[in-house]
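Trainee: Residue 1 is where the sequence shown starts when you use the UniProt record's numbering, and the numbers rise one by one after that. C-beta: ideal position from N, C-alpha, C; glycine also. The model shown is predicted, which means the values in this text are computed figures rather than measured ones.
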Amino acid sequence: MKATNNQFILETYQKYRSFIYLFSQTVINKHRPNLIEEHKEIVSELAKGNVQNATNLLENHLKKDLEFSLYYLEFLNLFII
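1) Determine contact between the region 36-44 and the region 55-71, defined as no fewer than three beta-carbon pairs at a distance below 8 Å.
2) Assuming contact is defined by CB atoms lying nearer than 8 Å, are D65 and R32 in contact in what I supplied?
3) Buried or exposed, going by whether 16 or more other CB atoms sit within 10 Å of the CB of S69?
4) Using the C-alpha atoms, what's the distance from K30 back to S24?
5) Which two residues bound the contiguous alpha helix (DSSP H) that contains A47?
6) Compare the beta carbon distance of L35 and E45 with 8 Å and say whether it is the shorter of the two.
7) Identify whether K63 lies in helix, strand or coil by the three-state DSSP scheme.
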């Protein structure tokens with residue numbers, strides 16, 4: 001991140017670092033269903049210039065990521081307590 005020399009990127013990364021870590025440990029490592037397909041849909045809409053559709057897809061995508069992460073953490077919590 002530092003190599004970018006972009007203060008906005010650095011500040012944004014610092015602000016969301018915990019979420020990025022959470023998502024990497026759950027969404028990515030535990031293979032959330034339809035993850036790649038959703039990325040492809042978002043990119044496709046952007047390529048077509050459909051910014052509003054891409055924005056809606058991205059919001060839904062992030063909600064699914066968060067729901068998956070929370071579900072997984074609750075699942076783990078059942079075995080820890």
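Mentor: Reading off the structure:
1) As far as the Cβ criterion goes, the region 36-44 touches the region 55-71, which means the pair count is three or higher.
2) Using a Cβ distance threshold of 8 Å, D65 and R32 count as a contacting pair.
3) Classification for S69: buried.
4) Computed Cα separation, rounded: 9 Å.
5) Unbroken alpha helix (DSSP H) run through A47: L35 to A47.
6) Using a Cβ distance threshold of 8 Å, L35 and E45 do not count as a contacting pair.
7) Here K63 carries a helix assignment [DSSP, helix/strand/coil].
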